[in-house]
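Undergrad: Number 49 in this note's numbering belongs to position 25 of the sequence shown; there are no gaps in the numbering. We treat Cβ as the ideally placed atom computed from N, Cα and C, and that holds for glycine.
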Amino acid sequence: MKATQRLAALTGSAALVLTGLTTLTATPAAAATCHNNLKVEEAFGKVTFSRCYRDTSLGSREFKVQGTVTDTKTDGCNVRVTFKFKHSSAKYETGSSRSFTSLWHIGIPSVSLSKVC
């Protein structure tokens, strides 16, 4: 019986426990909450983005970012925005304007804008 319960808990799908005919189901994650119109501006470019988060069924919080990075100079260089999460990062680079949406990551992201020549 314990092995069946563990298997049901690990798969996260609906499962029928043989003894007692109890049904186990996965709890869906909560809807995302977003903080919109966040901006970072430098002389060479800017990024406008939303930072969204959701609580997972495992008790952690996941974050994603979405927005637009814009190169405000015509100097032949690109603008790169980097979002650093707890264990990973997401980078987006452009010479004009680019929209982006990251995947879900663990940890509140920090943001930096840099010029790449």
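Which one or two residues does DSSP pair with LYS63 in a beta bridge?
TA: According to DSSP, which records beta bridges pairwise, LYS63 is partnered with THR72.
Undergrad: Hey, how far is the Cα of VAL64 from the Cα of THR92?
TA: About 11 Å.
Undergrad: Per DSSP, what kind of secondary structure is CYS101 in: helix, strand or coil?
TA: If DSSP states are grouped into helix, strand and coil, CYS101 belongs with coil.
Undergrad: What residue range is occupied by the uninterrupted beta strand (DSSP E) comprising ALA114?
TA: 113 to 118 is the span of the beta strand (DSSP E), which, as asked, contains ALA114.
Undergrad: In the structure shown, what three-state DSSP assignment does PHE13 receive?
TA: The question about residue 13 has no answer here: the residues shown for the chain are numbered 25 through 141.
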